[in-house]
Every structure is written in structure tokens, then in C-alpha cells.
Amino acid sequence: MSRFLMAFLLSISCVQHLSAAEIYQCEKDGRMQYSQTPCSQDQKALGKKVTQDTTDSASEKQRHVTQLAQDKKEAARLERKRHKTEDKRDKEISRQAAKTEKQKDKCDKAHLQVKWAEEDARNASPKSEAKARQKLKRTKEKADLACRH
């Protein structure tokens, strides 16, 4: 992005110097033509347009150099800001992924405990069957809470 910006700024400064030449407006066979050279004898001269003097003064050149330096500084600042924002976003994404992974592990553990509680309830003696079913019910409730998020 910054390379593009620098190339763009540099091309603008170069184009400005190129546009400083005289432009001649000529007509030939009913068609309008623009040229850097004066109209030929078979063309009708419609006018001469001078965009600006081709020689910039020293102060004008210094102003361009100063402006370019300021633009470079601004581009560097924007680049640093972009990197900082991207780093912040990447950290947030990593944090969220870790949180999701932790939640998934918690849910998997809870499901495994439900499986064990179901096995205990199936294998319980008639005397401890009520206690095993109560444990299974509570384990399922904990698993539901752990897996809800």
C-alpha cells in the first residue's frame, strides 16, 4: 500500500513538470487536434494554451521537496497505524480462538462425565440406583451449562 502511495506521489510530481509545456490547438479536416508543436500549414491554428512556465523557481522546487517529505512522513505514520491495528485484530482473533477451544474442551469433558455417569447408573445395584440417577441428572445439567456457550 505504501509503495503504491509513494509511486503515486512521485508520478504526480513528475507529471506536473511534464504538463508545463505549451499546448497548441489546431483544426484539420473539421477535427480538433492538440499538439506540443505549432500547427502545420494545412492546419488551422485555433489558439495556443500555456499551462505554466516550464522552469520552476527554486522556492517552488523547495516547496515540492518539502511537500514530498511531508507526504512520506504521513505515509509512514499511516503504515505504522495500519500495522498496529492489524496486530491488535490478530491478537483479538487469537484470544477468541483460544477461548473457543477452551470452551470446546470443557464441553467434551462434561460429555465424557455424562457418559461415565450413565454407565454408573446402568451398573448400579438396586440399593444405590436412586443415588446414581440423581448423579446422572446433575451431571447432565452441568454438561448443558458447559456446552451452552
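One gets this note's numbering by counting positions in the sequence shown from 1 and adding 511 to each.
Positions of the beta carbon are idealized from the N, C-alpha and C atoms, including for glycine.
Treat the numbers as computed from the prediction; the structure is a model and nothing was measured.
Leu656 and Asp598 have their C-alpha atoms spaced approximately 33 angstroms apart. In the DSSP assignment, Ser570 falls within the alpha helix (DSSP H) that extends over 569-634. In the three-state reduction of the DSSP assignment, Lys539 falls in the strand class, which pools E and B.
Assignment of Gln544 by DSSP, reduced to helix, strand and coil, places it in the strand class. According to DSSP, Glu652 shares a beta bridge with no other residue. Around Ala635, the same chain offers Ala643 as residues with beta carbons nearer than 6 angstroms, after the five sequence neighbours per side are excluded. Residue Lys651 holds the alpha-carbon nearest to the alpha-carbon of Leu623 among Lys651, Asp601, His594. The C-alpha of Ala580 lies about 18 angstroms from the C-alpha of Lys592.
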